[in-house]
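One structure below.
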Amino acid sequence: MKKIVLFLLILFGFSACNDQPVHKPKNLIPEKQMVEILYDMALLDAIRTQAPYSPGKPTINTRAYIYKKYKVDSTQLVQSNRYYIAQIELYKKMYEQVNERLTKEKEAAEKAIGKEEPIPIMDLPKVE
């Protein structure tokens, strides 16, 4: 019995150590669309945390909104996200694109409301 358990553990160990742990799903969301989804999810999560639930205020189901807007289902989104996470450099690049877009949108919004960068304080001469 111990030999069988040991054999199964070794077999499981070898199967877990392959080069491609996550296989490409058949219905993989294209990279550009996945970046759009990640952007929308980040934006919706930020909105939700800045405006927490209050009675009488309508709420939005962010996941249902994403599924409807991009015509994807939860399984497809999870499998695609899992695949891209396994491709760490690609996933990092995708999140950098999301971050750049969020930064540009933030700067445009601040400019639209008249908020500008603070003026640096100059060294004033000492008064004695």
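Numbering-wise, numbering that gives the first Met the number 0 puts 28 at position 29 of the sequence shown, and it's gapless, one number per residue. Backbone N, C-alpha and C define an ideal beta-carbon position, used for all residues, glycine too.
Task: Contacts around V21, its chain only, beta-carbon distance under 7 Å, and the 5 residues preceding and following it disregarded - done: R81, Y82, A85
Task: Per-residue DSSP class, three states only, for T61 - done: helix
- [ ] May I have the straight-line CA-CA distance separating E104 from I46, to the nearest angstrom?
- [x] 14 Å
TODO: May I ask which residues mark the beginning and end of the alpha helix (DSSP H) holding V21?
DONE: Premise fails: V21 is in no alpha helix (DSSP H) and is neither H nor E.
TODO: Take D39 as the anchor and find which of A107, D72, R62 has the nearest alpha-carbon.
DONE: R62
Task: Euclidean distance between Cα positions of A41 and Q78 - done: 19 Å
Task: Alpha-carbon spacing of Q96 relative to N60, whole angstroms - done: If you take the alpha carbons of Q96 and N60, they lie about 25 Å apart.
Open item on the list: Is the beta carbon of I36 closer than 8 Å to that of I65?
Closed with: yes
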